[in-house]
Structure formats: C-alpha cells, structure tokens
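Heads up: the sequence lines are chains E and X, in that order. Under my numbering, think of the first position of the first sequence as 1, with each following residue one higher. Under my numbering, think of the first position of the second sequence as 501, with each following residue one higher. Virtual Cβ for every residue (Gly too), placed ideally from N, Cα, C. Every value quoted in this text rests on a predicted model; they were computed, and no experiment measured them.
2 protein chains.
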Amino acid sequence: MPASPYIQLEQEWRRLHAFHGALALLRWDAAVMMPRGSADVRGEQLAALETEHHALLTAPRITRLLDRAQANAQGLEDWQLANLREMRRQRDHAIAIPVSLISRLARTTARAEVAWTEAKRQDNFGLFVPHLEEVLHLVRDKAALLGQALGLPPYYALTDEFSPGVSPADIDTIFKALARRLPGLIREALALQAQRALPALSGKFSLGKQRALVVQVMRAIGFPFDRGRLDESEHPFTEGVPGDIRVTTRFDEGDLLSGLFGAMHESGHAMYDLGLPQAWRDQPVGRDRGMALEESQALLLEMIIGRSRAFAQYLKPLLEQHFGVTGPEWEPESLYRRFIRVRRSLIRVDADELTYPLHILLRHDLEKKLLSGELSVRDLPEAWNVGMEQRLEVRPTGAADGCLQDIHWALGSFGYFPAYALGAVIAAQLWERLRGDIPELEQQIGRGEFSGLFDWLRERVHSLGAKVTVKELMKHATGQPLSASASLRYLEAKYLEEPS
Amino acid sequence: MPASPYIQLEQEWRRLHAFHGALALLRWDAAVMMPRGSADVRGEQLAALETEHHALLTAPRITRLLDRAQANAQGLEDWQLANLREMRRQRDHAIAIPVSLISRLARTTARAEVAWTEAKRQDNFGLFVPHLEEVLHLVRDKAALLGQALGLPPYYALTDEFSPGVSPADIDTIFKALARRLPGLIREALALQAQRALPALSGKFSLGKQRALVVQVMRAIGFPFDRGRLDESEHPFTEGVPGDIRVTTRFDEGDLLSGLFGAMHESGHAMYDLGLPQAWRDQPVGRDRGMALEESQALLLEMIIGRSRAFAQYLKPLLEQHFGVTGPEWEPESLYRRFIRVRRSLIRVDADELTYPLHILLRHDLEKKLLSGELSVRDLPEAWNVGMEQRLEVRPTGAADGCLQDIHWALGSFGYFPAYALGAVIAAQLWERLRGDIPELEQQIGRGEFSGLFDWLRERVHSLGAKVTVKELMKHATGQPLSASASLRYLEAKYLEEPS
Chain E
1 MPASPYIQLE QEWRRLHAFH GALALLRWDA AVMMPRGSAD VRGEQLAALE
51 TEHHALLTAP RITRLLDRAQ ANAQGLEDWQ LANLREMRRQ RDHAIAIPVS
101 LISRLARTTA RAEVAWTEAK RQDNFGLFVP HLEEVLHLVR DKAALLGQAL
151 GLPPYYALTD EFSPGVSPAD IDTIFKALAR RLPGLIREAL ALQAQRALPA
201 LSGKFSLGKQ RALVVQVMRA IGFPFDRGRL DESEHPFTEG VPGDIRVTTR
251 FDEGDLLSGL FGAMHESGHA MYDLGLPQAW RDQPVGRDRG MALEESQALL
301 LEMIIGRSRA FAQYLKPLLE QHFGVTGPEW EPESLYRRFI RVRRSLIRVD
351 ADELTYPLHI LLRHDLEKKL LSGELSVRDL PEAWNVGMEQ RLEVRPTGAA
401 DGCLQDIHWA LGSFGYFPAY ALGAVIAAQL WERLRGDIPE LEQQIGRGEF
451 SGLFDWLRER VHSLGAKVTV KELMKHATGQ PLSASASLRY LEAKYLEEPS
Chain X
501 MPASPYIQLE QEWRRLHAFH GALALLRWDA AVMMPRGSAD VRGEQLAALE
551 TEHHALLTAP RITRLLDRAQ ANAQGLEDWQ LANLREMRRQ RDHAIAIPVS
601 LISRLARTTA RAEVAWTEAK RQDNFGLFVP HLEEVLHLVR DKAALLGQAL
651 GLPPYYALTD EFSPGVSPAD IDTIFKALAR RLPGLIREAL ALQAQRALPA
701 LSGKFSLGKQ RALVVQVMRA IGFPFDRGRL DESEHPFTEG VPGDIRVTTR
751 FDEGDLLSGL FGAMHESGHA MYDLGLPQAW RDQPVGRDRG MALEESQALL
801 LEMIIGRSRA FAQYLKPLLE QHFGVTGPEW EPESLYRRFI RVRRSLIRVD
851 ADELTYPLHI LLRHDLEKKL LSGELSVRDL PEAWNVGMEQ RLEVRPTGAA
901 DGCLQDIHWA LGSFGYFPAY ALGAVIAAQL WERLRGDIPE LEQQIGRGEF
951 SGLFDWLRER VHSLGAKVTV KELMKHATGQ PLSASASLRY LEAKYLEEPS
C-alpha cells in the first residue's frame, strides 16, 4: 500500500528541510568564514539551491498531495492538521509570487544594496532615490499578489510573513499604546537618571578573555556547544537548524558589554530554536512561530534578563575572575545602572530598551505611507527627520544617520520592522507571567541558574513550534490576550524606580 | 529561438556545478567547523543534495539533450565537443548504477566504516570480515554494471573513475617497472644513508608560528587568500571550487615539517584547481583530469619541489625568522638530508617518496584479487603480511598496522589506490621536462620564486582541464608517452647521490 498523501507530504518536507539547512550553512559561512573574493561563487550556489527549493515547494505534485490530504484529513492528529496548514501556508506564499518577479526583485535589490551602501557613505540620499523607487514598485506588486493569494490587504500580506496571525489592527492597537506612553516615560526616566552619577568604565578588555566569559555565560544558559558554535561576524546573527545552531557576536576591545549582550541576544534565538518540538524538527509545524516571537526570545534574554539586577549579581564575580576588575564601578548596582542607561539616539541599533520601540513606530508609519503612495521617496528624508523630532526630540544631521541607516528597505524588506517592537512587547508579557509562576526566578538568575527559566519557556512557548498562532500562543502561555500593557508596566517599574 | 541543445546542456551543468560547490562546502564544514554532535543533521543535508544532484544528472531530459546535441555537433568548437564528451561520461557513470544499489552501498559502507574503526582499535580483523565481504559483493555488482555501461572490464571501470583513460594494461606496465627497480634502489639508498649521521631536530614549535610560516610559504607559491582559506583538520585535505578553495593541514608542536609539507601537498591540489580554465569553470571540461593528475600536482609540490635542496635554501632564513633557530642542523644541507630520509615503514601515510609506491603496488595487487575472488577476505591479513615482507622487508605485527590501516576499502573505494602511485610517476615526468625547459628553475625556487614553475604548469597542464585524456596531456606537456622511466631516473639521481 502506498503511503498516504499526508505521509508523502511529510517526506517531501523532510527533503525541503535538508535544503533549508544547507542554505543556512551556506549563508553562515558567507558571513563568518568565506574569503572576501568568493561572494560571486557563493551567490551562484545560493541561487541554484533556492531555485531548486522553490521548484520543489511549488511542484504540481505538492498541490495535488495537499488537496488529497485535506480531503482525507479525518484521523489526522492535531499536530498533523497544524502541519498540513503550515505546509499549505508555505506553498501559498511560494506560489503567489511568479518566478519572474522573484528574480526581478533579487536583481533590483542587489543593485539597490550597492547604491544604498554608497549613498550612506556619501550621505547623499539622491543616489538611492531611483533604486528605492524601483524596489518599492516591485514590493507593491508582490504585496498585491500575496494579498490576493492569502485573502489579506497588501501590507498585512507582508507583515504576515514575519508576525503570522497578528493583524495590522492588532499592531496599530499595540503601537498606539506605546506611542501614547513612551515619550513621557522617556522624559521622566531621563530626569531620574540625571540625579545619579555613573563612573566611567574605562580599560581595554582582551578579545580572548571576552570570548571566554561569553562561552562561560552561554554554557550556564544551556547552549549546547556539542551541537552549536559561537563565532564572530560584523553583525551578530543566528543561523542553522536545531542540531547544528550557530550564533555570532562582535567583540569590541573598548566595550566589555557589547559582545556579551550581542551573544545573549543570539543565544535567546538559539535556545528558542533548540526548544522547538524535536519530533517535528523537519516539518513546518516544528519551525519557529515567526520573527516577532523569535525576537521576543532574544530580547527576553538580552534586555529583560541580561539587563537586570540579578544578572549583574551573577556577572560581578565572573568579571573579576576573567578581567581582575574590582572597585565601585564593578559592583552589581553600578553595573545594573549602566545596563539600563537611557539615551536619545539617532541610530536604532544603538538604542536602549526604552527608546527602541519609537524607532520602530517611525519606520512602521513611514513604510505604510511609502507603500500606499501617500509618501513619495523624495520626501522620505524630511518625513523621517520630522518624525524623529516628534517622537524622540532629536533631529538627524543628514540621511546617513537618518533614513539611510537601515538596510531593510534596500533589500525589499517591508513589513519586517514591526516584528522588532512586537518582540519586545511579547517578551515583557511572558516575563510578567514568568515572575508570577516562579517567585524565586530572579534569585536563580543571580546564581547563574537558568534552568527554571528555560523549563518554563520550553513548556509554554518553544515546544509549541508553529502549531498555534502568536495570539493563541500568548493566551496559552500567559492567560492574557496579546497587548502592550505588561510591557508598559515592566518599563515603568524598571525606569521610574526612585533612587534609594 | 530557443537555445540549442548544447547551450541548454551548459545551463544544466551550471546548476549541477552550483550543487557540486554547495556539497563541497558542506563536507569542508563537517571536517573543519561542525560541532561533533551535528553529524546526523549534516548527513541528512548531504544525502538530500546528493540525491537531487543525481536526479538532475540522470533526468530523461539530459539524455534527450545529449542525443540531440551529439546529432547536431557540427559547428561546435573543440572545447565544446570535449565538454559534450565529459557530460556524457558523467551521465553514463551516474546512470549505470541503479539508485537502489547506490543506497545499499551507502548504508553498507556506513556500517563498514564503524566496524573498521572498531576492528582497527581492537586490532581484530575478524570484526571487519563480514562487513568487507558485503562491501566487496556490492562493489563487484557496481563494477560489473559500470563496465557494461562503459564497455570496459570491471576493474578498469573502477580505476577509470580516478585515472580516466589510463588502462589496467598501462597501470601494469608502469607498476611492473617500479616493482622491478624499487626494492634494489631502496636497499642501495639505505646503505648510502647509513654513512651519513643526521643530528636530531628537537624542540617545541608553537602552532601559531608554524601557521604563520605556512601562510608565508603559501603566499609565495601564489595561493590566493582572498579566494581561499587555510585551516586545520585531522587529515589534511582540499575542498571547494576554484573561486573558493579551502585547504587544511595538521600541525604538530614536536614536528616542524609535517604541517608544512601537509600544506604544500594540499596547495599543489589547490594551485591545480585554480589554474583550470576559467572560461569553463562551471562545465565538466573545466574540471580536473581525475585523481591521478590531482595527486601528481600535490606530489610535485610536496615531494619533488618541497623536498629539494633549493627549497631547503629558501626555507632556512624563514625558519630563522619565525623560530629563531640556527646551528648546523638548520643549514640547508642538513634540512635537505632530513627531507629525503628513507625508512621502511609499515604505514602508507608515513612512507617516504622512495618506499611509497610499493605500498600502493601491494594494495593494487590485493584489491584486484579480492574483486576477482582469487583472494578471500579471510585470507587478506596473511596475503598482506607476506606482500609487505616481499616488497618492503617488514612484517606487520597485526592487522591494525597491516591490512586495516587504510579506510578506503571500508568505504567501497576500490580502484582508487593506483592513482596515488600514478600521481608520483606523472609528477616526476613533468619535473624532468620542467627542468629541461627552465634551466634556472631551481635557483628560482631557492629564492622563493614559484611563478616560473606555475606559469609552465598552467600552460601545459592546468589550463587543459578535462579536455584531453591523461595520456594525451602527458604527451602534450612532456613530448613523451606516460611511463615510469622519468620517475626511476629522478629517484635514482636523488637517492643514490654519493656523499660529497
């Protein structure tokens, strides 16, 4: 008897998963190991494997099997039904965009990336204008086609890829709550911060010792170095598949903390990926639940746990052990004050936890207007600068520290930015429930014990894979609907604490 | 107008080449970077990509296009005709073996490798017997099928993969000449060697400094570090494609020379691959001309050039610069005497240039008898030991330093061994002509100038890719037919030099 259509689909996806893992390794290597001059060769390899992956995913055979499996879905378990839904979702996304548009997007964004780099270097937005216009034109086509196929409005069709099941209305509700409270909260926090002097942390910290510290912390967190690696790259990232997960960070001799927190962020991603359901590891339902949830796991570890008093307590003896540093500026309370320092920055990637969401709100607002045509590319720099003044009371000096700072739009990534701020909101909501469920959690972290934390996260979040939507997952994990409330409570408690 | 069948074939092979490069990177990473526990995940990725590669290569469309292109071959250039022939050859090799036999071989050799490791560790050949019998059974089937498809006798069909166009009769003629002369030559060389005392080279040599020395030598040779890497692995190897070529070596703190000569060997492979015709780099005709020629380029650099007086002269000041070593044992003549030290070894990979071919002759003799059934697996250890005594006057103490020392047969690699000795023969024949054509070659090498060498090799050898057979290539490059004569002249001159 031949295998059932559903079982045949699982076999097809096993193969797709192997391609997915091979592509991840090719990208990891390109960022970490590859010689500079080999980019053209690697580009051909990635294109060939991606084309083949796309062809396998959109083959008529897959459509036939999906139809037959759905017509015979009785007897399938919950997990299998969810898997079937995710298979269909992947296939719908892949088939909605014609190959000709995919390759035009690839060529156009490759040129736009070069132009963006040069425009940013020269601080000359004009160089980028025709490229962004062309990218925008193609992204509009993509959004329209995706929207048609998925039955969603165009911008929703784009955000759905990164934050599945969170509607633009949900995003607007959450972002409005943040926009209402954050500017005032920042002003109050800065006023309180001005009352406390903070001694400078100077010195040179050898990269080898920084690495040893980071490895020790990652081991404590539970990162499995027998099935994963830590390396260095220009921008920290996480790549690979559970079973071979690779994180990177970037060390700075003059800044002890940036390499550590970079590694904490990526370890958050890695621990999520490692906690995904092992039995479904090569199936769509065994994948992460999208970028917003990925980001929540990274920010929970980097920002909420990493930048806490408990973590400062854990870290203090490690810093003494690795660098021989002592003195008042190395006491836990001083470290903690440094961790949560607030500063109105022009640059998103340098922003702290409190100001960061406003950087995202600006981009979200502008990218919707660019897509709808309400804002023209030529008018983007002024709209950006006005938006920064309104939201963060700082004005960029040019386009390089303004609307040219991020690469996303050059690459055609519209609808991605909201996932960053949603991630912070999700992280805070999980954290509130975590503290309620595990009263001794902060003492555990102060002792460098992370198993209580990850047992909870695995049970409530990681082990669900992509079985439920983000909103269902949050209801399941926290008992509350997804909202900005916990996030604002968390930020107020942390940043409005009166000096003792 | 649609592209011609030939042009369509070039497009198909461009895609196959990208798969080939991706597979090379997955293998490189597995040996150099991959965490230990990730082997299962990598195995699935390799299997999926190899299966897909095989499916693309054996698709009916390829056969149709090959037939149509061959029927319309008028107007094709020499290179294109050679490319068509190599395409057909790849496809014939791939299609000759049914997928069921390929996967049985993969499963059987995977188990045999585990059994071989354990049998070698315990020095217990009995553990390996049933596995080698099963592998042999499947390899016989493979050889018969390949032979039918290619119109060759079974063993020829196997050697043809590694030494294309060199017939078993050619191999026999060459190996007989070596077998006749080498045992006596070894005896004479050892007698001469005994007349010269050689001071011991003791000391510890930091791995970082050894690496710096090797990088400097590789730069002098012309290895392009902007399109290639040097790393460390348990066994040195070369992987990748021209444009991203990766060599490894293995450093030993107590042995300054092993890491250097390992890197020289692999750099020989790399320089060959880098010299292949750039215009055909993603086509079959742009590939190397098989393992025997690959090995010739590695041995030419490692053994003939690396272990020469001229290279010792070049190396002396570098050793002083990197390690601060001086004294009589570091003078070029002492270094050279050490480079060419002869020793009757039980282990192939430890053997010197003079005794090495006899290790191969033994394996070649035994694998033919195993395949024909003339020798049973049970009788292999005794046949091995007798063969070692006859050829090298040493007798293994057990199977671990006897017939279990190499992994090749466990992996089903029969017909591969001859390529090692053929490589040495080819290298010596090229060297004889090189010295005739470039009288100042050794002075150049003494100064660390390798461009004269590689200009010649690129013009006469590398740039031909797979356009002609090995025998045609040797005729073209040296004016002489392939034979053992130059090799024996070279070894006699080098190893029978009277003490001055």
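Leaving aside the five residues before and after residue i along the sequence, list all residues of the same chain whose C-beta is less than 6 Å from its C-beta, in chain order.
{"i": "M718 of chain X", "result": "S767"}
{"i": "L207 of chain E", "result": "F251"}
{"i": "V714 of chain X", "result": "L760, A763"}
{"i": "Y336 of chain E", "result": "R309, A312"}
{"i": "P832 of chain X", "result": "A812, Q813, K816"}
{"i": "D231 of chain E", "result": "V32, T248"}
{"i": "T558 of chain X", "result": "A594, I595"}
Using C-beta distances below 8 Å, list every residue in its chain close to residue i, excluding the 5 sequence neighbours before and after it, in chain order.
{"i": "L496 of chain E", "result": "L185, E188, A189, L192"}
{"i": "E234 of chain E", "result": "A31, R250"}
{"i": "P481 of chain E", "result": "K471, M474, K475"}
{"i": "I938 of chain X", "result": "Q944, G952, L953, W956"}
{"i": "E320 of chain E", "result": "T326, W330"}
{"i": "L964 of chain X", "result": "P777, R789, L973, H976"}
{"i": "H554 of chain X", "result": "A594, V599, I602"}
{"i": "A212 of chain E", "result": "H322"}
{"i": "T109 of chain E", "result": "V135, A410, L411, G412"}
{"i": "L301 of chain E", "result": "I221, M264, H265, S267, G268, M271"}
Determine the extent of the alpha helix (DSSP H) in which residue i is found, giving its start and end residues.
{"i": "V114 of chain E", "result": "99-122"}
{"i": "E498 of chain E", "result": "It is not in any alpha helix (DSSP H) - E498 of chain E carries neither H nor E in the DSSP assignment."}
{"i": "R229 of chain E", "result": "Premise fails: R229 of chain E lies in the beta strand (DSSP E), 228-232, not in any alpha helix (DSSP H)."}
{"i": "E633 of chain X", "result": "629-650"}
{"i": "G1025 of chain X", "result": "Lying outside 501 to 1000, the shown extent of chain X, residue 1025 of chain X is not represented and no answer is given."}
Please return the same chain residues whose Cβ sits closer than 7 Å to the Cβ of residue i, not counting the five positions on each side in sequence.
{"i": "Q783 of chain X", "result": "E510, W513, N583"}
{"i": "L645 of chain X", "result": "A596, I597"}
{"i": "A770 of chain X", "result": "F723, G728, T738, I745, V747"}
{"i": "R863 of chain X", "result": "F917"}
{"i": "V925 of chain X", "result": "I674, A984, S987"}
{"i": "R891 of chain X", "result": "P683, L858, L861, L862"}
{"i": "E893 of chain X", "result": "R844"}
Which bits of chain X does residue i rub up against, with CB to CB less than 8 Å?
{"i": "E353 of chain E", "result": "Residues of chain X passing the Cβ test: none, with the nearest at roughly 32 Å."}
{"i": "A22 of chain E", "result": "A522, L526, Q545, A548, L549"}
List the residues of chain E that residue i touches, going by C-beta distances under 7 Å, in chain order.
{"i": "D529 of chain X", "result": "L25, D29"}
Kindly list, in the order they appear in chain X, the residues whose Cβ is closer than 7 Å to that of residue i.
{"i": "E52 of chain E", "result": "E552"}
Following the continuous beta strand (DSSP E) through residue i, name the residue where it begins and the one where it ends.
{"i": "T63 of chain E", "result": "Counting along the chain, T63 of chain E falls outside any beta strand (DSSP E), though it belongs to the alpha helix (DSSP H) covering 60-71."}
{"i": "I221 of chain E", "result": "Taken as a continuous stretch (DSSP letters only), I221 of chain E belongs to no beta strand (DSSP E), being part of the alpha helix (DSSP H) at 207-221."}
{"i": "D244 of chain E", "result": "244-249"}
{"i": "T478 of chain E", "result": "T478 of chain E -> not in any beta strand (DSSP E); alpha helix (DSSP H) instead, spanning 470-478."}
Anything in chain X within Cβ reach of residue i, meaning under 9 Å, just list it in chain order.
{"i": "F19 of chain E", "result": "Q545, A548, L549, E552"}
Counting only Cβ-Cβ distances shorter than 7 Å, please list the residues of the segment 385-410 of chain E near chain X, keeping chain order. none
Going along the chain, which residues of the segment 714-729 of chain X sit with their C-beta nearer than 8 Å to a C-beta in chain E? P724, F725, D726, R727, G728, R729
Which residues, in chain order, does the segment 32-50 of chain E contribute to contact with chain X at a C-beta distance below 8 Å? Residues M33, M34, P35, R36, G37, S38, D40, V41, R42, E44, Q45, A47, A48, L49.
Taking only beta carbons into account, state which residues of the segment 741-772 of chain X come closer than 8 Å to chain E, listed in chain order. Cβ contacts with chain E: V741, G743, D744.
The segment 445-460 of chain E in contact with the segment 311-322 of chain E per 3-pair CB rule at 8 Å: These segments touch.
Contact the segment 929-939 of chain X vs the segment 984-995 of chain X: 3+ CB pairs below 8 Å: yes
Got a sec: which bits of the segment 575-594 of chain X sit with their beta carbon under 8 Å from any beta carbon on chain E, in order along the chain? none
Residues within the segment 503-517 of chain X neighbouring chain E, beta-carbon criterion of under 9 Å: R514, R515, L516, H517
Looking at C-beta atoms only, is the number of pairs between the segment 97-113 of chain E and the segment 137-154 of chain E that lie closer than 8 Å three or more? yes
Decide if the segment 353-373 of chain E is in contact with the segment 99-113 of chain E; the criterion is three or more beta carbon pairs, one per stretch, under 8 Å apart. no
Taking one C-beta from the segment 694-703 of chain X and one from the segment 864-884 of chain X each time, how about it: are there three or more such pairs within less than 8 Å? no
Taking contact to mean 3 or more Cβ pairs, one atom from each stretch, closer than 8 Å, check whether the segment 18-36 of chain E and the segment 547-560 of chain X are in contact. yes
Between the segment 109-127 of chain E and the segment 398-417 of chain E, can you find at least three pairs of beta-carbon atoms closer than 8 Å? yes
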